[in-house]
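Notes follow the structure.
Residue numbers (my numbering): 141 to 717.
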C-alpha cells in the first residue's frame, strides 16, 4: 500500500474513533449541512468567530485552487442568516478560526467515475486552524462545500468542536439537461453546475442534440449546427464547451456528453437529408398509434443502412471525444419508432428481403459501438437499446465491460432486468426522477383538455404525470428489490429535465430544490440510524437549504410557506394521508 494511502486510511480510522468516542452524532444540529454527512459529531454545539483575515492553506492543484478561490469568496461574503436562529454557545471574545489547512494525499488522479471522494473535517473548539484531509482533490472540494455551510452570520462565525468523516453512498450522482428542445445559455449551464457542486452532485449529463435542434458546433461537420441549430446565437462553440467543462472540474462536476442516435436526429437532416429517414414529416398521421413516426413532434432517425450515415456520425463522435475529456460517452439509442424507419425505401427493401428492424439497429450499434470504444470511452445507452419491446439488440452487441445502461421506464423492475443481465446501471426512473412531469402535454389541438365538467382528468395530459415532489424523489430507493451483489452494479442515479416546456426562465425552479432531494438520498441515504425514512426531519433542513441556495443566486422554488419554516413542526401531519 502506498504510504500516502496508508496515512489517509489511518486518519480516517482515527477520525472515526473520535466520532464513536464522542457518543454524540449530530442527528439534529443547530446548523445543518446538505446533503447530510455520513458521520457528523458536534457534541457541544458552539461557534467561534471567523477571523477577518481567514485563509485557506492548500497544496498546489489547478482545479482545487479555483475551488478555493470560489469558496473563500463565498465564506467571506455570504453572511448567511438562518431562518431559524441556531442555538449554539457563542462569544465574540472566543478565539477566532484563522485558517483551514487542506491535506490531499493524491494530487494526480483526475476526476472520473469511482474517484475517491472521501474527506475528513475537524474544526477545533479552541480556534486557530481547522483541518480538511482528502485522498484526492475532488474529495477536498466537497469538504470545502461542507465547511462553507458551517459558516454563518454577520460578522461571520463558524461551527466549532466539529468532527466529520464523509463520503458518498453512490459514486454517480447526476442531472440530465436537454438543451436541444429549448436553448440554454452558457451562464445558465454554469449556474446549474455551480448548484450541483453545492449539492455534491458530480455528473452533468448534457443531452446536447435532438430532433429539434443541433446546437453543438462540430469542427469537422460545421453544417450540422449552422443549419440544424435555432440560430447562430443559439449554439455551443468549442470555446463554450471548454469553458463549461473547466467550470465543472473546478466544482467537482464531470460533464458527460450525449449525442442521441440513431433516433432523435431530425435536426441532422437540415445538413444531411440523405442520411435521415422520415425527417420533417408530421409526427402522427391520422390512424392508430402504430402509425406514429416519432414519440413526440420532431421526426427523424439516422438511416442505419446508408454508409454516408457512418461517415458523418464518426466525424461527430471523434470531435465530441476531443471536446470532452470525460471517459463516458452517451450514445442515446432510445425510442426507435418503427414507422420512421419503415418510411424509407431502402429499409423497406431490407425488410421485404427478410430483414428486421432489430437487425437494422444491430447494424447501427455494430458500426458505431466499437469505434467509440476504440477512442477509450465507456459507452452509455438508454435502456431501450436492450429492453425495448419491438426494436432491440442482442447482449452480444453490448459487452458489459464497455457498456453502461441508463434506465428510465418501469421503475425498479427495469433496473432488476439490467443488473440480471450483468450491466452497470444508472437509474433515472421517470416515475421518480423526471422533473418535467406534471405540466401537461405540449402538443396543440389536444381534445383531451376539452372534457365536460366532472370528467376524470387522469394525469392531466402529462404522460409521466403527476408532478414529482421532492418527497417522491427523496424516498426512492434506487436499489429496491436487489440483492447486495446486484446493488453493486447500480452506479447511482440522475434526475432529468427534458425541455419541451422548460427554458432558462424556469430552469432553477424546475431543478431545485427537488434535485437536492436526490443528492442527499444518493450521498448519505434517505434513512436514519434505525433504518426509518427521514423525510420528515429532512423537511426543515431542506427549507433552510433552499433559502441558502436562493441567497447564492439559485432561484429554487419554495417547498412550504415561510411560516412553516419559522415554526418548525407546526406544518406536519400526525395522521397518515
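C-beta: ideal position from N, C-alpha, C; glycine also.
Cβ-Cβ distances below 6 angstroms link residue 639 to 318, 321 and 322 in the same chain, with the five nearest sequence neighbours on each side left out; the list follows chain order. Unbroken alpha helix (DSSP H) runs of no fewer than 4 residues, entirely contained in the region 580-620, are found at 610-615, following chain order. Positions of the alpha helix (DSSP H) runs, each at least 4 residues long and wholly inside the region 344-387, are given as 363-368 in order along the chain. Rounded to the nearest whole angstrom, the C-alpha separation of residue 567 and residue 462 is 27 angstroms. Here residue 522 is buried. Its C-beta has 16 or more other C-beta atoms within 10 Å. Comparing alpha carbon positions, the residue from 696, 347, 412 and 499 closest to residue 636 is 347.
Secondary-structure assignment with DSSP links residue 206 through no beta bridge to anything. Every beta strand (DSSP E) of 3 residues or more that sits fully in the region 610-684 is shown, in chain order, as 630-637. The beta carbon of residue 705 sits closer than 8 angstroms to the beta carbons of 223, 224, 680, 683, 684 and 687 from its chain, once the five residues preceding and following it are set aside; these are given in chain order. Residue pairing for residue 566: DSSP places it in a beta bridge opposite 546 and 632. Exposed is the label assigned to residue 379, since fewer than 16 other Cβ atoms lie within 10 Å of its Cβ. In the DSSP annotation of this structure, residue 283 is not part of any beta strand (DSSP E); the continuous alpha helix (DSSP H) holding it starts and ends at 277-289. Contact between the region 326-334 and the region 384-395 is established, with three or more Cβ pairs separated by less than 8 angstroms. In this structure, the alpha-carbon of residue 170 lies about 21 angstroms from that of residue 216. Separation of residue 557 and residue 205 (C-alpha to C-alpha, rounded to the nearest whole angstrom) is 43 angstroms. Close CB contacts of residue 607 within its chain, under the 7 angstroms cut and outside five residues either way in sequence, are with 577 and 578 (chain order). A residue is called buried once 16 or more other Cβ atoms fall within 10 Å of its Cβ, and residue 431, having fewer, is exposed. Judged by beta-carbon spacing, residue 532 lies beyond the 8 angstroms limit of residue 569, meaning their Cβ atoms are not closer than that value. According to DSSP, residue pairing for residue 522 in a beta bridge involves 546.
The continuous stretches of beta strand (DSSP E) do not include residue 498, which lies in the alpha helix (DSSP H) extending over residues 497-514. In the DSSP assignment, residue 298 is bridged to 188 and 291. In the three-state reduction of the DSSP assignment, residue 267 falls in the coil class. Of the residues 355, 627, 239 and 489, the one whose Cα lies closest to the Cα of residue 555 is 627. The count of Cβ pairs closer than 8 angstroms, one atom from the region 234-252 and one from the region 268-288, reaches three, so the stretches are in contact.
The alpha-carbon of residue 329 is positioned some 43 angstroms away from that of residue 592. With respect to the 8 angstroms criterion, residue 375 and residue 365 are classified as neighbours on the basis of their beta carbons. Between residue 597 and residue 517, the CB-CB gap reaches or exceeds 8 angstroms. For residue 545, same chain residues with a beta-carbon under 7 angstroms away, outside a window of 5 residues either side, are 521, 523, 526, 558, 563 and 565 in chain order.
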